[in-house]
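Residue numbers (our numbering), protein chains in the order written: chain A, 4 to 406; chain B, 4 to 406.
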């Protein structure tokens with residue numbers, strides 16, 4: 004049901020070389036006349052009426068979905084979060100038989116100017132090396148996505164690398180690079196407004212593609228050496244948290260490295276406080292291209308009523324940006340897991356997010372999303388496939404026999 | 004590697020009617036001469052030397068497995084519990100390429116004499132009605148097992164029902180009934196020693212079958228109206244916990260119902276304190292046939308180095324019994340999830356168990372095990388399928404470039 008309605012294309016301007024644009028146009032997108040939107044400020048984007056349904060309709064739908072799941076052969080509520088996920092999914096998809104058959108994770112990669120300051124345990128070239136690993140199928144996200152029956156798209160949202168021709172021809176690889184990495188945000192704003200637009204659009208394109216391809220559940224993940232520091236700076240700015248409370252060990256830096264990250268974040272906040280007055284402004288000042296792109300995906304997926312699974316620490320930063328740009332898109336997001344990155348718990352609490360799993364993971368790439376999507380799929384199947392007390396001839400709690 | 008060694012059959016006496024025995028013998032078991040063991044007391048069972056490997060061998064194996072997973076393209080430890088699970092699994096299977104391809108969950112059902120005292124929100128006949136639901140594929144465990152590519156065996160370990168002929172012919176249904184339900188343990192001991200042996204053997208049979216069938220990962224789950232009360236009594240007795248601290252809402256009783264369960268548990272402890280002096284004694288006094296059977300499966304699977312996934316509250320009671328009978332079998336168990344049943348957290352802490360997921364589930368049937376098995380399978384695949392830094396040409400943390 005869901006893909007028959009609320010399919011609106013908000014903006015189609017793609018800031019990419021003509022080659023990538025041509026490739027993009029190979030996809031069978033049905034576009035409608037659209038208004039150019041700047042997304043320069045938080046209030047510039049608004050979802051369609053179908054998305055922001057009036058509360059009574061929502062309440063009635065939730066009640067119907069809960070009624071349906073309570074008829075299943077189990078004590079009411081005994082499947083815990085599987086039940087609440089199933090009910091939310093039904094509402095998002097506007098379908099009491101929610102479907103999670105077609106799953107996709109988009110991994111957005113970007114290089115970070117801040118990486119040269121030694122905020123990561125790994126050198127900056129690991130970003131492009133890992134992109135090739137994703138395309139070769141050898142990374143953790145490839146393993147976990149195959150395991151969960153999930154397709155993977157890899158998006159170069161701004162990686163400091165040139166790609167070999169064979170890789171460029173891959174249908175699952177999207178080179179949407181505006182610049183080879185952000186600027187060092189201790190010296191300059193990380194990106195220009197035009198670059199930020201381009202990165203947002205690279206993400207929106209994936210949301211639009213997923214809807215057009217009939218994807219039922221879309222995950223987002225990241226790759227970018229240095230990006231925990233960018234994410235930390237965004238959390239400090241958007242959620243009003245102290246620099247010391249938003250940094251952690253990232254890929255595995257020492258305690259001294261964590262101190263250095265805190266000083267970098269504090270320095271960035273001081274430097275950009277005067278110039279970055281909106282969430283979008285902070286995204287430009289201290290963000291990353293892959294973070295902006297993920298925010299774009301969240302915003303666009305919501306416009307298509309497509310549920311999105313937010314991976315870990317970095318993807319949560321993108322969610323914080325997207326939610327501050329358009330609060331209504333929150334309803335379409337599932338938080339996958341509680342990252343082992345120290346600040347993630349506080350950040351999730353500040354966002355009122357309750358993730359599905361907690362396995363001490365801190366890798367990114369969408370790995371937490373891949374595992375969570377199995378659980379969300381399970382929830383949909385509980386709703387669709389379980390017998391009811393009536394159909395199975397099982398006595399309900401009303402028929403208590405006390406001898 | 005694992006199934007080529009340590010395959011020992013501890014005892015093959017099956018206390019079942021001749022029809023079931025005949026069915027059991029259809030399976031291609033290779034038995035060895037065995038010693039009859041009574042399992043009447045905690046120390047009567049001991050694992051083979053292959054299972055209780057000397058610590059240095061274990062340490063060397065763990066080191067090799069950790070070395071292998073640290074070479075994968077990810078920061079060391081960044082996949083959290085997936086990594087510790089993969090390493091444990093490698094050790095259990097004695098294979099640095101651990102396999103979780105063939106998965107099975109055994110759901111053990113039993114009726115409980117205590118159910119007539121109104122400790123459950125559901126009438127006792129729900130136990131057999133749900134067994135038919137399992138066989139019909141409509142229960143939550145069927146849905147989640149299908150979702151995870153997991154086969155299901157259903158074992159009648161003592162259900163108060165006769166089964167229709169078509170159901171008896173099912174190869175995935177094992178009628179191993181000694182008695183149609185335990186006795187009300189407020190009036191009598193729940194089971195006789197011979198019945199307890201029979202139930203343990205019904206569980207051991209499943210451990211043996213799984214090993215013979217080349218199962219890589221075995222889950223155990225339960226069905227039995229009244230069995231949270233039996234499990235609570237076992238926890239109080241075996242772990243020295245107060246009756247009030249081991250009871251919860253079960254299938255969904257009211258607070259008054261929880262009070263009633265606490266009184267039942269306290270009464271049972273008083274009644275049997277003098278007679279039940281060992282874990283096995285408490286199992287007979289206040290346990291259930293399905294709980295005894297699950298303990299048997301845990302013990303037997305360990306003897307075959309077959310990893311076992313413990314579902315929720317009731318399966319944890321079986322684990323507590325099995326661990327007290329044979330501490331070495333703990334090494335082969337993974338705890339699936341933290342149940343929403345109030346006392347489960349305290350019980351897991353008392354057992355030093357750290358479950359994989361926490362989704363607020365409290366259904367049993369092996370539903371938590373089914374979801375956890377996907378995660379354990381993921382861990383095995385991380386170990387087997389991920390590229391290494393060397394194979395993928397990715398720079399490691401030693402090559403830090405600081406400009």
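Backbone N, C-alpha and C define an ideal beta-carbon position, used for all residues, glycine too.
Neighbours of residue 98 of chain A in chain B, taken as residues at a C-beta separation under 8 Å, are lacking, since the least C-beta distance is about 18 Å. For residue 363 of chain A, the closest Cβ of chain B is nearer than 7 Å. By the CB criterion at 7 Å, residue 161 of chain A and residue 113 of chain A fall inside the cutoff. Listed by position along chain B, the residues whose Cβ is nearer than 9 Å to that of residue 343 of chain A are 80, 81, 83. Identification of residues in the region 343 to 360 of chain A having a C-beta nearer than 9 Å to some C-beta of chain B yields 343, 359, 360, given in sequence order. Across the structure, residue 158 of chain A and residue 205 of chain A are spaced so that their CA atoms are roughly 8 Å apart. Separation of the CB atoms of residue 104 of chain A and residue 219 of chain A is rounded to 6 Å, and the pair is thereby assigned contact status at 8 Å. Within the model, the alpha-carbon separation for residue 65 of chain A versus residue 90 of chain A is close to 6 Å.
Assigned with DSSP and collapsed to three states, residue 160 of chain A falls in strand.
Here residue 293 of chain A is near residue 111 of chain A, since their CB atoms are less than 7 Å apart.
With a minimum length of 4 residues, the unbroken runs of alpha helix (DSSP H) contained wholly in the region 74 to 106 of chain A fall at 84 to 96.
Within the region 338 to 384 of chain B, the complete alpha helix (DSSP H) segments at least 4 residues long are 347 to 354, listed from N- to C-terminus.
In its chain, beyond the 5 residues on either side, 316, 317, 320 have a beta carbon closer than 6 Å to the beta carbon of residue 234 of chain B. For residue 224 of chain B, the enclosing beta strand (DSSP E) has its first and last residue at 220 to 226.
At least 7 Å separates the CB of residue 231 of chain A from every CB of chain B. One finds 140, 141, 145, 146, 149, 150 in chain A with Cβ atoms closer than 9 Å to the Cβ of residue 388 of chain B, taken in chain order. For the region 253 to 266 of chain A, the set of positions with a beta-carbon nearer than 9 Å to some beta-carbon of chain B reads 253, 254, 255 in chain order. Secondary-structure assignment with DSSP links residue 113 of chain B through a beta bridge to B:161. In this structure, residue 230 of chain B keeps its C-beta atom at 7 Å or more from the C-beta atom of residue 397 of chain A. For residue 261 of chain A, same chain residues with a beta-carbon under 7 Å away, outside a window of 5 residues either side, are 250, 251, 252 in chain order.
Counting the other CB atoms within 10 Å of its CB gives residue 259 of chain A a total below 16, which places it among the exposed residues.
At least 7 Å separates the CB of residue 204 of chain A from every CB of chain B. The C-beta of residue 365 of chain A has 16 or more other C-beta atoms within 10 Å across all chains shown, which makes the residue buried. With a threshold of 16 other beta carbon atoms within 10 Å, residue 280 of chain B falls short and is exposed. Residue 303 of chain A is positioned such that its CB atom lies closer than 7 Å to that of residue 211 of chain A. Look at the beta carbons and you see the region 350 to 369 of chain B touching the region 67 to 84 of chain A: at least three pairs across the two are nearer than 8 Å. Contacts between residue 377 of chain A and chain B, judged by CB atoms closer than 9 Å, involve 150, 151, 374, 377, 378, 381 in chain order.
The DSSP assignment places complete beta strand (DSSP E) segments of no fewer than 3 residues inside the region 257 to 323 of chain A at 311 to 313, in order along the chain.
Rounded to the nearest angstrom, the gap between the Cα atoms of residue 207 of chain A and residue 224 of chain A is 14 Å.
Nearest CB-CB separation between residue 102 of chain B and chain A: not below the 7 Å threshold. Contact between residue 228 of chain B and residue 129 of chain B holds: CB atoms are separated by about 5 Å, below the 8 Å threshold. The C-alpha of residue 301 of chain B lies about 33 Å from the C-alpha of residue 87 of chain A. Within chain A, the C-beta atoms nearer than 8 Å to that of residue 384 of chain B come from 146, 147, 149, 150, in chain order. A residue is called buried when at least 16 other Cβ atoms come within 10 angstroms of its Cβ; residue 245 of chain B does not meet this threshold and is exposed. Judged by DSSP secondary structure, residue 146 of chain A falls within the alpha helix (DSSP H) whose first and last residues are 143 to 151. Closest in C-alpha terms to residue 332 of chain B, from the list B:345, B:344, B:312, comes B:312.
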